[in-house]
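Below is one structure, written out as structure tokens; the observations come after it.
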DNA sequence: TCAAACTTTCAAAATATACTGAAAGTTTAA
DNA sequence: TTAAACTTTCAGTATATTTTGAAAGTTTGA
């Protein structure tokens, strides 16, 4: 397989996985493109490589910066902005975990906490089932939350070392 | 807060979380509705509770059964089918992990394996960056894969016990 | 065998999401 | 201060996803 073809496949696969997990396909593709680029790229280059419009490229890059996955680079004597992706897989994973926890998991945990406190007739099966499901899911969500928090604060070596040993 | 209102909030929250993570909102809502129902429900009851069409209810229930989260119940002397959700949070988490691994993660790992083997000029920075990113992500994906596999095979007590102790 | 009771299918419609491109905005250097 | 070089915005458009609902299919009991 040619390198160019392989890059294309990588970009497609990453875009597909992203979209299946609720991340905009184009955003995942731009990220993939930057991941396989040794040099920082300009908006123009990204537009060309992925056949997307200037507006789309601009918004997507802004989002990626917001996720902490990409950064702008300025070069002396140049007006253009260059974009560069952090290539460290562990940083990427941590960053994604951190953002999704904050944006999506934490708000739900907040609601589940409220709903866990709803009082009702302890003889009413409707209430009992509601209460049990909500508190059980709350416990699970809090566990996931705590796990992600630990992961975010952890050192890379911890992940590649101890978790692998543990899970077997 | 009234029980009815609380149920509604739970259904909404679960639907929102689902859609943010690439799961059809209606599917997550039907699941939530069944989770808080002590008794199995008919298609009609689900249609009414969530204001969805018969077709949608039917397809969504079929999907939920496909995910292993819901099962059909038949009652003696009745033509109607009843639907019931497994209420065990641990089973739900395992089931979702299992399906998403199979449907979405494994296919990507397969592609990454192929791309890891693409050969190129070891002096070409384009190749080197591509190769490093792909192999690094492949390692991470395999780790996640292995972790999920262990989780799927693990006992509930293991999860609630040792993982909680570990992450702190 | 019939028809009532129920389930499934899927083309068309509705809705939600993503993208475009041109205009407006900003920065820089002469 | 001007204008070229570049970035940002967002209303309108396009695309993708989800939902509807009526027709077709199936099952059951008389």
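Protein chains in written order, with our numbering: chain D, 487 to 654; chain C, 487 to 654. Think of the CB as a built atom: it goes at the ideal place given N, C-alpha and C, for glycine as much as any other residue.
{"query": "Does chain D have any CB closer than 7 Å to the CB of residue 613 of chain C?", "result": "yes"}
{"query": "What is the DSSP secondary structure of residue 556 of chain C, counted as helix, strand or coil?", "result": "strand"}
{"query": "Would you say residue 497 of chain C reaches chain D, if we count a Cβ-Cβ gap shorter than 7 Å as a contact?", "result": "no"}
{"query": "Express the C-alpha separation of residue 615 of chain D and residue 559 of chain D in angstroms, rounding to a whole number.", "result": "55 Å"}
{"query": "Which same chain residues, not among the five before or five after residue 492 of chain D, have their C-beta less than 7 Å away from its C-beta?", "result": "none"}
{"query": "Of all the CB atoms in chain C, is at least one closer than 7 Å to the CB of residue 651 of chain D?", "result": "Annotation note: pLDDT 48 at residue 651 of chain D (below 50); position unreliable, coordinate value reported separately. For residue 651 of chain D, the answer is no, since every Cβ of chain C falls outside 7 Å of its Cβ."}
{"query": "Just curious, the alpha helix (DSSP H) that residue 571 of chain D is in, first and last residue?", "result": "Note, residue 571 of chain D: premise wrong, no alpha helix (DSSP H); beta strand (DSSP E) at 567-571."}
{"query": "I'd like to know whether the C-beta of residue 585 of chain C is nearer than 7 Å to at least one C-beta of chain D.", "result": "no"}
{"query": "Grab me the residues of residue 572 of chain C's own chain with a C-beta within less than 7 Å of its C-beta, minus the 5 sequence neighbours each way, in chain order.", "result": "555, 578"}
{"query": "Roughly how many whole angstroms lie between the Cα atoms of residue 582 of chain C and residue 553 of chain C?", "result": "7 Å"}
{"query": "Would you decide whether residue 525 of chain D is buried or exposed? Buried here means 16 or more other CB atoms lie within 10 Å of its CB.", "result": "exposed"}
{"query": "Could you tell me the alpha carbon to alpha carbon distance between residue 540 of chain C and residue 533 of chain D, rounded to whole angstroms?", "result": "44 Å"}
{"query": "How big is the Cα-Cα spacing for residue 545 of chain D and residue 496 of chain D?", "result": "22 Å"}
{"query": "To the nearest angstrom, report how far apart residue 520 of chain C and residue 634 of chain C are at their CA atoms.", "result": "26 Å"}
{"query": "Given residue 549 of chain D, which residues of its chain have a CB within under 6 Å of its CB, disregarding the five upstream and five downstream residues?", "result": "513"}
{"query": "Among D/531, D/535, D/529, D/580, which one has its Cα closest to the Cα of residue 640 of chain D?", "result": "D/580"}
{"query": "Rounded to a whole number of angstroms, what is the C-alpha to C-alpha distance between residue 609 of chain D and residue 566 of chain C?", "result": "28 Å"}
{"query": "Does residue 487 of chain C come within less than 7 Å of chain D when only Cβ atoms are used?", "result": "yes"}
{"query": "Return the first residue and the last residue of the alpha helix (DSSP H) that residue 519 of chain D is part of.", "result": "511-521"}
{"query": "Out of D/590, D/568, D/576, point me to the one whose CA is closest to residue 642 of chain D's CA.", "result": "D/576"}
{"query": "Which residue comes first and which comes last in the alpha helix (DSSP H) that contains residue 604 of chain D?", "result": "Residue 604 of chain D -> no alpha helix (DSSP H), and no H or E assigned at all."}
{"query": "In or out: residue 506 of chain D buried (at least 16 other Cβ within 10 Å) or exposed?", "result": "buried"}
{"query": "Using a Cβ-Cβ cutoff of 7 Å, what residues of the region 564-579 of chain C are near chain D? List them in chain order.", "result": "573, 575, 579"}
{"query": "My understanding is that residue 501 of chain C touches residue 490 of chain C, with C-beta atoms under 8 Å, so please give their C-beta distance in whole angstroms.", "result": "Not confirmed; about 17 Å, so no contact."}
{"query": "Can you give the Cα-Cα distance for residue 515 of chain D and residue 611 of chain D, rounded to whole angstroms?", "result": "49 Å"}
{"query": "Check the Cβ of residue 590 of chain D against every Cβ in chain C and list those closer than 9 Å, keeping chain order.", "result": "502, 503, 506, 507"}
{"query": "In whole angstroms, what separates the C-alpha of residue 511 of chain D from that of residue 564 of chain C?", "result": "47 Å"}
{"query": "Let's test the definition: count the other Cβ atoms within 10 Å of the Cβ of residue 537 of chain D and tell me whether it reaches 16, buried, or not, exposed.", "result": "exposed"}
{"query": "Using a Cβ-based criterion (distance less than 6 Å to any ligand heavy atom), does residue 634 of chain D qualify as near the ligand NAD?", "result": "Although the ligand NAD was asked about, the structure shown includes no ligands whatsoever."}
{"query": "So which residues of chain C does residue 618 of chain D contact, with C-beta pairs closer than 8 Å?", "result": "573"}
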